[in-house]
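Enquirer: The structure is given below, and queries will be raised subsequently.
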Amino acid sequence: MHSARRSELCFSLNYGISYRGILINNHGVTHDQHRAGSMKTIHPSLYRGTILHFLSDPAIDGPAAYEFIEDGVLVVDQGKVVAIGEAEPMIRALDHPANLTDLTGYLLMPGFIDPHIHFPQTEIIASYGRQLLDWLQRYTFPAEARFKDPRYALKMAEVFLRELLRNGTTTAAVFGSVHKTSVEAFFEVSARLNTRMVCGKVLMDRRAPEELCDTPESGYEDSRQLIEQWHNTGRQQYALTPRFAITSSPEQLQQTQALSRDYPDLLLQSHLSETPEEMALVAKLFPDARDYLDVYDRYGLVHERSIYAHGIHLNERELARLKETGASVAFCPSSNLFLGSGLLDTARLDKHGVRYGIATDIGAGTSFSMLHTLNEAYKVSRMQQATLEPLHAFYLATLGNAKLLHLEDRIGSFKQGNEADFLVIDRAATPLMKLKQTHCESLQEQLFTLMMLGDDRAIKQTYIAGQLRHDRDRHMPDHND
Numbered sequence: 013m014h015s016a017r018r019s020e021l022c023f024s025l026n027y028g029i030s031y032r033g034i035l036i037n038n039h040g041v042t043h044d045q046h047r048a049g050s051m052k053t054i055h056p057s058l059y060r061g062t063i064l065h066f067l068s069d070p071a072i073d074g075p076a077a078y079e080f081i082e083d084g085v086l087v088v089d090q091g092k093v094v095a096i097g098e099a100e101p102m103i104r105a106l107d108h109p110a111n112l113t114d115l116t117g118y119l120l121m122p123g124f125i126d127p128h129i130h131f132p133q134t135e136i137i138a139s140y141g142r143q144l145l146d147w148l149q150r151y152t153f154p155a156e157a158r159f160k161d162p163r164y165a166l167k168m169a170e171v172f173l174r175e176l177l178r179n180g181t182t183t184a185a186v187f188g189s190v191h192k193t194s195v196e197a198f199f200e201v202s203a204r205l206n207t208r209m210v211c212g213k214v215l216m217d218r219r220a221p222e223e224l225c226d227t228p229e230s231g232y233e234d235s236r237q238l239i240e241q242w243h244n245t246g247r248q249q250y251a252l253t254p255r256f257a258i259t260s261s262p263e264q265l266q267q268t269q270a271l272s273r274d275y276p277d278l279l280l281q282s283h284l285s286e287t288p289e290e291m292a293l294v295a296k297l298f299p300d301a302r303d304y305l306d307v308y309d310r311y312g313l314v315h316e317r318s319i320y321a322h323g324i325h326l327n328e329r330e331l332a333r334l335k336e337t338g339a340s341v342a343f344c345p346s347s348n349l350f351l352g353s354g355l356l357d358t359a360r361l362d363k364h365g366v367r368y369g370i371a372t373d374i375g376a377g378t379s380f381s382m383l384h385t386l387n388e389a390y391k392v393s394r395m396q397q398a399t400l401e402p403l404h405a406f407y408l409a410t411l412g413n414a415k416l417l418h419l420e421d422r423i424g425s426f427k428q429g430n431e432a433d434f435l436v437i438d439r440a441a442t443p444l445m446k447l448k449q450t451h452c453e454s455l456q457e458q459l460f461t462l463m464m465l466g467d468d469r470a471i472k473q474t475y476i477a478g479q480l481r482h483d484r485d486r487h488m489p490d491h492n493d
């Protein structure tokens, strides 16, 4: 086992595997609760394969930042991670465990996490030839108008969430449309699948078609009702979602600030400094603001729970302010390349201590796959004489993005007690990947091949809270549990 610390897993002839006070033996898993005067026995599921997860950022902590077990076992019970460890002693201790799934040869990782994606833009992915502001008018707004119909919204929520699972994304920060019905539909389907999702109704009261505009008052009230109904209901969470400064009046930003004060544990998601044309219009609409970020800052919307997509053209003051507040940037390489918006300089963000993650930004982004998105991010970095190291890339797609969403205590790693959202990855999913993997001599090389050649075909299975929700090789029936 390669580990950041001494493994707390040990083998006992009398009791089987002991892991942090948990005994795993032929009778199941016994939680030692002597002090409470009781013992609880449960019967876990075990998954054998190659295991990789992150404990911290390998760009900072190096080999101490991750655990890699070539032949390991992941123990899951009641939707939670119980333990990981070397396969042989665990299997030997358990003799012939009935609930062992043998995935030898496959890579087990926590599910991918996407910190910026638009659910109503699913059908306009790969729409040809526009820059941001024109693209919104030509494609985005007409598509989002259809989400007024709750039946259509429900249908598209099903398509969207199934596509995420097919690509190995188990959690995402999602934009709905301006319609309350879109978010209700999204959460309804997500709750049925038991996926941990973050979503919000877009707030947009100007500079959009009339049928897509709310008002400061209606935006506040619709958001409040959605928060009360869905936030922290099961695995669903709400995010305040002003589309961007151009489409929200000062009055609406004030109402967003009021919601943020009323519900301080909410995330806030929006857009920032994607294109020079956008920035020029923001400056015209808010002439008293020092810069784009200052527009949001004046309404108390720049804080550690804020996630701003893009941030390509930030000035020095904005970078310093992002660092000071702990607000973060969602790097959307596929979208930025597709719309010609520019190349985000992540080395500059690192230099200023600004937190960031990597996101697909469907539908200007051209793939739901985080593997494909890491591919694009690598190329963007090379265009700026930098390098996205493979271990750092997979950290960003899992634990790093979990930290952006303030969910690292629940998802993003195989830490004991975390929710068991995990992937079974086929590193030889295509003939070319199989050929290339035979020449890989290190974990770094294996991961680099996976992120450069991999896509949805590499996701063999996706598990949500310990339940199989996607299987590449067989049809999965709808789950209504």
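In the working numbering, the protein residues as written are 13 to 493.
We put the CB at the ideal spot given by N, CA and C, even for glycine.
What you are looking at is a predicted structure, and each value in this text was computed from that prediction instead of being measured.
Considering only their Cβ atoms, is the gap separating M464 from N413 smaller than 8 Å?
Expert: In this structure, M464 does not lie closer than 8 Å to N413 by Cβ.
Enquirer: Pick from L177, P262, R273: whose alpha carbon is nearest that of R218?
Expert: The option with the nearest alpha carbon to R218 is P262.
Enquirer: By DSSP, does T152 sit in helix, in strand, or in coil?
Expert: Three-state result, T152: helix.
Enquirer: Rounding to the nearest angstrom, what Cα-Cα distance links P101 and D83 in this structure?
Expert: The alpha-carbon atoms of P101 and D83 are separated by roughly 11 Å.
Enquirer: Taking a contact to mean a Cβ-Cβ separation below 8 Å, would you say R158 touches Y151 in this structure?
Expert: No, these two residues do not count as a Cβ contact at 8 Å.
Enquirer: Hey, is the stretch 292–310 in contact with the stretch 189–203, meaning 3+ C-beta pairs nearer than 8 Å?
Expert: Counting Cβ pairs under 8 Å, fewer than three are found: no touch.
Enquirer: Name the two residues that bound the continuous beta strand (DSSP E) containing V186.
Expert: That run of the beta strand (DSSP E) goes 181–187.
Enquirer: Compute the distance between the beta-carbons of D433 and A477, then report whether it is under 8 Å.
Expert: Closer than 8 Å, so yes.
Enquirer: Are the Cβ atoms of T134 and L173 separated by less than 8 Å?
Expert: Cβ atoms of T134 and L173: not closer than 8 Å.
Enquirer: Counting only the same chain and skipping the five closest in sequence on each side, list residues whose C-beta sits under 7 Å from that of N111.
Expert: The answer, listed in chain order, is H55, P56, S57, L58.
Enquirer: Could you tell me the alpha carbon to alpha carbon distance between M168 and I129, rounded to whole angstroms?
Expert: Spanning the two alpha carbons is a distance of roughly 14 Å.
Enquirer: DSSP three-state label for V171, please.
Expert: Three-state result, V171: helix.
Enquirer: Below 8 Å between beta carbons: does that hold for Y232 and I239?
Expert: Cβ atoms of Y232 and I239: not closer than 8 Å.
Enquirer: Whole angstroms are fine: how far does the CA of C452 sit from the CA of Q458?
Expert: In a straight line, the C-alpha of Q458 is about 6 Å away from that of C452.
Enquirer: Could you pull out every residue in the same chain whose Cβ sits closer than 7 Å to the Cβ of L64, ignoring the five residues on either side in sequence?
Expert: Only Y78, F80, L119, M121 meet the Cβ criterion.
Enquirer: What residue does the alpha helix (DSSP H) around A339 start on, and which one ends it?
Expert: That residue, A339, is in no alpha helix (DSSP H); it is neither H nor E in DSSP.
Enquirer: Nearest-angstrom Cα distance between R273 and Q267?
Expert: So the two alpha carbons sit approximately 10 Å from each other.
Enquirer: Under 8 Å, do A470 and D438 count as touching if we go by C-beta distance?
Expert: Contact flag set, yes.
Enquirer: Roughly how many angstroms lie between the CA atoms of M488 and F187, to the nearest whole one?
Expert: Approximately 27 Å, taken between the alpha carbons.
Enquirer: From F460, A99, S139, P70, pick the residue whose C-alpha is nearest to that of T378; which is it?
Expert: Selected option, being the one with the closest Cα: S139.
Enquirer: According to DSSP, simplified to helix, strand and coil, what is F380?
Expert: Reduced to three states, the DSSP call for F380 is coil.
Enquirer: Give me the Cα-Cα distance between G312 and K192, rounded to the nearest whole angstrom.
Expert: Approximately 24 Å, taken between the alpha carbons.
Enquirer: In the DSSP assignment, find the alpha helix (DSSP H) that holds R204 and state where it starts and stops.
Expert: First-last of the alpha helix (DSSP H) with R204: 192–205.
Enquirer: In whole angstroms, give me the CA-to-CA distance for L265 and T227.
Expert: Their Cα atoms are separated by approximately 11 Å.
Enquirer: Do S230 and N213 count as a contact pair if the criterion is CB distance below 8 Å?
Expert: Residue 213 is actually Lys in this sequence, not Asn. Against a cut-off of 8 Å, the Cβ pair of S230 and K213 comes out as no contact.
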